[in-house]
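Enquirer: Handing you this structure, nothing more for now.
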Amino acid sequence: DHPSSSLGASRPCRDFVHTMLARARQTRLPWRSCRCLCTSAPRRGTDTDDLVMGARAAQRTNKMVDRLSNMYVGKNHGFDRKYAKSYERVFGAVEKEVAADVEQDVLFGRGPLGMEIEWSMPPVVTAVVEGGAAHKAGVRADSVITHINGVDASLPMPDLELDELMQWRPLRLQLIARTAYSKEIQGEKSELKPADAVRRHGVAKVAGALRPATCAALLEFVLAERARCAAEVEAEPALGVDRFSEVQTPRAGQDQPITRWDMRLPLAPVVHDAIRELLAGGDGTLGSTFDLLTGGSGAELWELGVVVSEPGAAGQPVHFDAPARCLFSAFVALQDVAPEMGPTMFLPGTHTQVAHRRFEAHRAAFVQEAPATVARLSAGDAVVYDSRVLHCGGENISTSQRILMYITFRCGDVDAQALGIHQHSIRGDLAGRHRLGELRSSSDA
């Protein structure tokens with residue numbers, strides 16, 4: 098090499114090398130950067146936001162666990178009991194708190210109540226969901242609900258009316274511990290008395306209200322009286338309004354003969370004897386049932402007659418006889434009523450304004466969905482009902498007549514005229530003249 102060129106290049110080369118080494122020290126390779134990220138000190142939740150988020154997550158988790166361990170089985174919704182029992186077999190049953198002997202007055206706002214209720218008379222709280230509205234209000238399991246929005250819960254109440262009452266908001270419940278509630282008031286699970294059954298379901302059966310001999314005598318009189326009245330009306334048509342009453346679906350067709358008719362009964366001796374027998378007796382009899390339902394001895398005899406369904410009679414449309422509490426009636430079978438004879442059908446629990454509103458809005462759908470019962474009676478049996486309850490006579494496809502005596506009393510504290518209910522189905526010489534107390538007194542005599 099030429100000495101002069103070697104010496105001339107030595108300083109620039111040294112400067113270049115030093116510059117490159119300095120830059121290399123300032124630059125981190127990718128693997129070195131990754132290594133620094135992986136080995137950086139971990140955050141341990143010391144940040145405020147982390148602490149808040151962690152607390153919220155813990156609360157959500159604990160709330161879900163509490164829901165599972167205190168699961169709610171409601172009347173109409175909730176987890177099923179089979180699942181609840183399976184959970185208890187694994188994790189153990191949740192201990193119920195012992196209710197204190199204190200009365201409670203609880204007001205609920207919107208939202209679920211958070212408790213399970215046994216719909217007895219009166220209702221009983223069987224479980225309380227921890228963290229729910231009832232739990233926060235201090236409601237304890239095994240408490241008895243005595244009043245619902247001021248309504249006495251120990252009295253029979255139609256299911257539709259009870260459901261609507263429980264949906265009110267605000268909802269006020271008055272409760273007391275079961276231990277402080279007497280067994281008599283608790284309403285132990287036993288068969289309802291006829292008056293209580295009518296209050297709750299709108300209809301009840303009273304077996305053996307008339308003796309077979311009385312039924313036979315009255316049936317013979319009715320058939321003879323029908324022939325006599327028909328002859329009277331044929332001779333003097335004006336008498337028809339006092340002998341017979343209008344009835345729904347009297348003919349199976351426009352040009353068909355009358356197959357369903359309603360005759361008003363006179364207070365002949367055989368009829369009077371039957372009434373005395375019907376109203377005699379104490380607790381659980383037809384007389385005592387009328388007394389409890391109508392408010393006592395001042396109830397007025399409102400209707401008295403027989404309704405006859407001939408073979409081939411068409412079924413009636415479903416209807417109610419009164420729009421409000423006013424009348425209580427009884428049908429009494431004068432012969433055994435077989436299914437093919439078209440016994441009266443009742444829709445229990447429809448003796449309320451709630452049911453009437455739903456019925457008027459969608460009649461066909463309501464009738465199809467509502468539970469129904471048929472009054473299959475033996476001779477002498479009676480079915481007593483609130484005239485608000487929906488009912489109808491069935492189609493008679495048998496070869497026999499179906500003959501029922503009926504008797505109706507008006508509640509002494511209700512003005513029927515103000516409700517638009519006009520008296521009919523009673524002879525003019527009997528209208529307004531007889532009271533329940535008077536007729537029962539003659540029965541006892």
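When you read off a place in the sequence shown, starting at 1, and then add 97, the result is the number in the numbering used here.
Just so you know, even glycine gets a beta-carbon here, dropped at the ideal spot from N, CA and C.
All figures in this text were calculated on a predicted structure; none of them were measured in a lab.
(1) Roughly how many angstroms lie between the CA atoms of LEU376 and PHE205, to the nearest whole one?
(2) With 16 other CB atoms within 10 Å as the buried threshold, where does TRP49 fall?
(3) Alpha carbon to alpha carbon, what distance is there between HIS244 and PHE417?
(4) Could you name the residues of the same chain whose beta carbon sits closer than 6 Å to that of ALA301, not counting the 5 residues immediately before and after it, in chain order?
(5) Is ASN493 buried or exposed, if buried means 16 or more other CB atoms sit within 10 Å of its CB?
(6) By the 10 Å Cβ neighbour count, where 16 or more other Cβ atoms means buried, how is GLY477 classified, buried or exposed?
(7) Let me know the secondary structure DSSP gives MET218 once reduced to three states.
(8) State the Cα-Cα distance for the pair PRO71 and ALA313, rounded to the nearest angstrom.
(9) Can you tell me whether GLU261 is helix, strand or coil according to DSSP?
(10) Measure the C-alpha to C-alpha separation of GLY393 and ILE372 and round it to an integer number of angstroms.
(11) Is the CB-CB distance between LEU501 and PHE428 below 7 Å?
(12) Straight-line CA distance for LEU336 to ASP526?
(13) If you draw a straight line from the C-alpha of ALA452 to the C-alpha of GLY446, how long is it?
(14) When we look at the beta-carbon of GLY491 and count the other beta-carbons within 10 Å, is it buried (16 or more) or exposed?
(15) Rounding to the nearest angstrom, what Cα-Cα distance links THR386 and GLY379 in this structure?
(16) Give me the Cα-Cα distance between VAL368 and GLY439, rounded to the nearest whole angstrom.
(17) Assuming GLN498 and GLN413 form a contact by the criterion Cβ under 8 Å, report the distance between their Cβ atoms to the nearest whole angstrom.
(18) How is THR311 classed by DSSP in three states: helix, strand or coil?
(19) Note down the Cα distance separating GLY381 from ASP388, rounded to an integer number of angstroms.
(20) Answer yes if the segment 244-261 comes into contact with the segment 350-360, meaning at least three C-beta pairs across the two stretches below 8 Å, and no otherwise.
(21) Buried or exposed for SER475, please, with buried defined as at least 16 other CB atoms from any protein chain shown within 10 angstroms of its CB.
(22) With respect to the beta strand (DSSP E) encompassing THR386, which residues constitute its N-terminal and C-terminal limits?
(23) Kindly list the residues whose CB is nearer than 6 Å to the CB of GLY534, restricted to its own chain and excluding five residues on each side of it in sequence; keep chain order.
(24) Contact between the segment 211-224 and the segment 235-251: three or more CB pairs below 8 Å?
(25) Rounding to the nearest angstrom, what Cα-Cα distance links ARG530 and ILE242 in this structure?
(26) So, helix, strand or coil for GLN465, using DSSP?
(27) Under a Cβ-count criterion, where at least 16 other Cβ atoms within 10 Å of its own Cβ denotes burial, should ILE523 be classed as buried or exposed?
(28) Within the continuous alpha helix (DSSP H) that includes GLU457, where are the two ends?
(29) In terms of residue numbering, what span does the beta strand (DSSP E) encompassing VAL303 cover?
(30) Looking only at C-alpha atoms, which of MET360, THR505, PHE318 sits nearest to LEU536?
(31) Taking the C-alpha atoms as reference points, what is the distance between HIS174 and CYS489?
(32) Please look up how many angstroms separate the CB atoms of PHE443 and ALA469, rounded, as I've assumed it's under 8 Å.
(33) Mark GLN450 as exposed unless 16 or more other C-beta atoms lie within 10 angstroms of its C-beta, in which case mark it buried.
(34) Could you tell me the distance, in whole angstroms, from the CA atom of GLU281 to the CA atom of GLU215?
(35) Following the continuous beta strand (DSSP E) through GLU59, name the residue where it begins and the one where it ends.
(36) So GLY409 and ALA349 are supposed to be a Cβ contact under 8 Å. How far apart are they, rounded?
Expert: Based on what the coordinates show:
(1) 46 Å
(2) Residue 49 lies beyond the range of the chain shown here (98 to 542); nothing can be said about it.
(3) 29 Å
(4) PRO291, ALA294, VAL295, VAL481
(5) buried
(6) In summary, GLY477 is buried, with 16 or more beta-carbon neighbours lying within 10 Å of its beta-carbon over all protein chains present.
(7) Three-state result, MET218: coil.
(8) The structure shown does not extend to residue 71, since the chain is modelled only from 98 to 542, so the question has no answer here.
(9) helix
(10) Rounded to whole angstroms, GLY393 to ILE372 spans 17 Å at the Cα level.
(11) yes
(12) In this structure, the alpha-carbon of LEU336 lies about 13 Å from that of ASP526.
(13) 8 Å
(14) buried
(15) Going by the C-alpha atoms only, they are around 9 Å apart.
(16) So the two alpha carbons sit approximately 25 Å from each other.
(17) GLN413 and GLN498 do not touch by the CB rule: their CB atoms are close to 16 Å apart, not below 8 Å.
(18) helix
(19) 11 Å
(20) no
(21) Burial state of SER475 is exposed, judged by a 10 Å Cβ sphere holding fewer than 16 other Cβ atoms.
(22) Taken as a continuous stretch (DSSP letters only), THR386 belongs to no beta strand (DSSP E), being part of the alpha helix (DSSP H) at 383-391.
(23) For GLY534, the CB contacts under 6 Å within the same chain, skipping 5 residues up- and downstream, are SER394 in chain order.
(24) The segment 211-224 is in contact with the segment 235-251.
(25) 44 Å
(26) helix
(27) So ILE523 counts as buried.
(28) 450-458
(29) 300-303
(30) Of MET360, THR505, PHE318, the residue nearest in Cα terms is THR505.
(31) Model confidence at HIS174 stands at a pLDDT of 37, short of 50, so the residue's coordinates are unreliable; what they give is reported in the following sentence. Spanning the two alpha carbons is a distance of roughly 33 Å.
(32) 7 Å
(33) Counting C-beta atoms within 10 angstroms of its own C-beta, GLN450 has fewer than 16 neighbours from the protein chains shown and is therefore classed as exposed.
(34) In this prediction, GLU281 has a pLDDT of 37, which is less than 50 and means its spatial position is unreliable; nothing more can be read from the coordinates.
(35) Since the first and last residues shown for the chain are 98 and 542, residue 59 lies out of range.
(36) 6 Å
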